[in-house]
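A.B. asks:
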C-alpha cells in the first residue's frame with residue numbers, strides 16, 4: 003500500500019469548467035464568393051426584368067398617353083383628354099369591328115369547347131392508335147395563324163377551293179362563297195380558328211379527364227347511370243377549372259386576333275371582317291391617326307384585363323385555400 007492520501011480507484015479527477023462558447027459551433031464568416039452566389043440569380047434576371055418593364059409596360063403607358071393626345075402621323079403631346087375615345091365611340095367601323103368580335107369570340111369559344119370536349123371524351127375510351135390520333139388533332143396548333151389563314155383562303159376561294167371541287171363532281175348548284183359575302187365572311191374566320199384551336203382544347207380536357215379518379219365513374223356505373231349521363235352529371239362538373247382555363251385562353255386569343263384576319267380576308271370584303279386589332283393597325287399605321295389607334299388599343303387592353311384579372315384571382319384563391 004502506498005503511503006499518502008487515500009484514493010479510490012473509481013474516483014476520477016474533476017474536469018475543468020469549460021466555457022459554453024468553446025462548445026458552440028463556430029459561425030462561418032461570409033466570404034465574397036458566397037455573397038456573389040446569393041446575388042447571382044438577381045443579376046441574371048435583372049436584364050430581362052428591365053427589358054420587360056421598358057418594352058412592355060413602358061410602351062403600354064406611352065400608348066395610353068398617346069390616346070389622350072391629338073397625334074396623327076407622328077406622336078405629339080397636344081393633350082385633348084378623352085376626345086379620341088369620344089371619336090372612337092362615334093366611328094361606325096369601330097362598332098362593326100366590336101360586333102364582329104362578339105360574333106367571332108362567342109362562336110369561337112363555344113365551338114372549340116364543344117369539339118375539344120367531344121374529342122377528349124372519345125380519346126378517353128382507351129381506343130386504338132390514341133397517340134396517332136392525338137398527334138393529328140394537335141398538329142394544327144403547331145401552325146401559325148398566318149399559315150392557317152393562307153390555307154383556308156385557298157380552300158374557301160370559290161374559283162379554286164371547296165366550291166369548285168364540289169361543282170366539278172356534278173353539283174353545279176352548290177355554293178360556298180362565304181369569303182366573298184359581306185354577311186357571311188366573319189364566319190369563315192370562325193371556321194379557320196376553330197380548326198386550329200380545338201385540338202389544344204382537346205388536350206386540356208384530356209389531361210383533366212386523366213386526372214379524375216376512376217372509382218367515381220365506376221360508382222356511377224354501379225348505380226345504373228349511362229355513359230353520357232356520367233360524363234354530363236359527374237365528370238364535367240369535376241372539369242370546371244379546365245373549362246374556366248380554356249375559356250380564358252380562347253377569349254384572349256379571340257381579342258388579339260390579327261394575323262388570321264390579315265391572311266384570310268384582309269378585313270374584307272370592305273371592312274366586313276374587321277376586328278379591333280385590325281382596326282387599331284389600320285388607323286394607327288396606315289391612316290395616320292395614331293391617337294385614335296392608341297385609344298382603340300387601350301380598349302382592347304381593357305378587354306384582355308377583364309378576362310385575365312378574374313382568371314388570376316381564381317387561381318390565387320384556389321392556391322390559397324388549397
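In the numbering used here, the protein residues as written are 3 to 324.
All C-beta atoms, glycine included, are put in the ideal place defined by N, C-alpha and C.
Any idea which residues DSSP pairs residue 81 with across the strands?
C.D. replies: Answer is 71, bridged to residue 81.
A.B. asks: Pick helix, strand or coil for residue 123, following the three-state DSSP scheme.
C.D. replies: Reduced to three states, the DSSP call for residue 123 is helix.
A.B. asks: Find out if the Cβ-Cβ distance for the pair residue 75, residue 290 is shorter than 7 angstroms.
C.D. replies: Contact: yes.
A.B. asks: Using C-beta distances below 6 angstroms, list every residue in its chain close to residue 282, excluding the 5 sequence neighbours before and after it, in chain order.
C.D. replies: Only 295, 298 and 299 meet the Cβ criterion.
A.B. asks: Sorted by chain position, which residues of the same chain lie with C-beta nearer than 6 angstroms to residue 200's C-beta, five sequence neighbours on each side aside?
C.D. replies: For residue 200, where only same-chain residues beyond five positions count, the Cβ hits under 6 angstroms are 114, 117 and 118.
A.B. asks: Please report how far the alpha carbon of residue 23 lies from the alpha carbon of residue 40, in whole angstroms.
C.D. replies: At residue 23 the pLDDT is 48, less than 50, meaning the model places this residue with poor confidence and gives no usable figure here.
A.B. asks: Please specify which runs of the beta strand (DSSP E), each continuous and at least 3 residues long, are wholly inside the region 190-233, giving them in chain order.
C.D. replies: Counting only runs of 3 or more, we get nothing.
A.B. asks: Can you tell me which of 140, 157, 99 and 274 puts its alpha carbon nearest to the alpha carbon of residue 179?
C.D. replies: The shortest Cα separation from residue 179 among 140, 157, 99 and 274 belongs to 157.
A.B. asks: Does DSSP put residue 284 in a helix, a strand or coil?
C.D. replies: Note: residue 284 maps to helix in three-state DSSP.
A.B. asks: Do residue 86 and residue 293 have their CB atoms nearer than 7 angstroms?
C.D. replies: In this structure, residue 293 lies closer than 7 angstroms to residue 86 by Cβ.
A.B. asks: What is the C-beta distance between residue 248 and residue 203, in whole angstroms, given that I count them as a contact (C-beta under 8 angstroms)?
C.D. replies: Right, their Cβ atoms sit about 5 angstroms apart.
A.B. asks: Pick helix, strand or coil for residue 267, following the three-state DSSP scheme.
C.D. replies: Correct three-state label for residue 267: coil.
A.B. asks: From this set, 251, 316 and 279, which residue's C-alpha is nearest residue 101's C-alpha?
C.D. replies: The option with the nearest alpha carbon to residue 101 is 279.
A.B. asks: Are the CB atoms of residue 250 and residue 313 within a distance shorter than 7 angstroms?
C.D. replies: Contact: yes.
A.B. asks: Should the region 264-272 be called in touch with the region 145-160, which here means at least 3 C-beta pairs below 8 angstroms?
C.D. replies: The region 264-272 is in contact with the region 145-160.
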